[in-house]
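**Student:** Numbering (the working numbering), first residue to last: 2 to 69. Just dropping this structure here.
Listed below in structure tokens is the structure:
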């Protein structure tokens, strides 16, 4: 169950990178789920620009890297 974060709460944002769609999981320091989102590259850029400062961790598989 998702809940709303407070302005003073530390949030960790986990990002699973792919070529076109990013999966995000926001969690409080105690592990409580704050949000889960599936965003395109453009949506991800806007979301991160508007979201308060947070710790962001990322993971990517080999298919997420474009060598063209």
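The C-beta atom is built at its ideal place from N, Cα and C for all residues, glycine as well. Here the structure is a predicted model, which means the values were calculated and not measured.
Quick one: Cα of residue 60 to Cα of residue 16, how far?
**Tutor:** Residue numbering aside, residue 60 sits at position 59 when the chain shown is read from its first letter. Residue numbering aside, residue 16 sits at position 15 when the chain shown is read from its first letter. If you take the alpha carbons of residue 60 and residue 16, they lie about 6 Å apart.
**Student:** Just verifying my parser: in three-state terms, what is the DSSP assignment at residue 29?
**Tutor:** Locating residue 29 in the chain shown gives position 28, counting from the first residue. In this structure, residue 29 counts as strand in the three-state DSSP scheme.
**Student:** Have a look at 55, 47 and 12 and flag the residue whose alpha-carbon is nearest the alpha-carbon of residue 33.
**Tutor:** The sequence position of residue 33 within the chain shown is 32, counting from 1. Selected option, being the one with the closest Cα: 12.
**Student:** Spatial neighbours of residue 78 within its chain, please: C-beta separation below 6 Å, excluding the five flanking residues on both sides.
**Tutor:** Here the chain has residues from 2 to 69 only, and residue 78 is not among them.
**Student:** How long is the line joining the alpha carbons of residue 29 and residue 45, rounded to whole angstroms?
**Tutor:** In the chain shown, the residue the question calls residue 29 occupies position 28. In the chain shown, the residue the question calls residue 45 occupies position 44. Whole-angstrom Cα-Cα distance: 20 Å.
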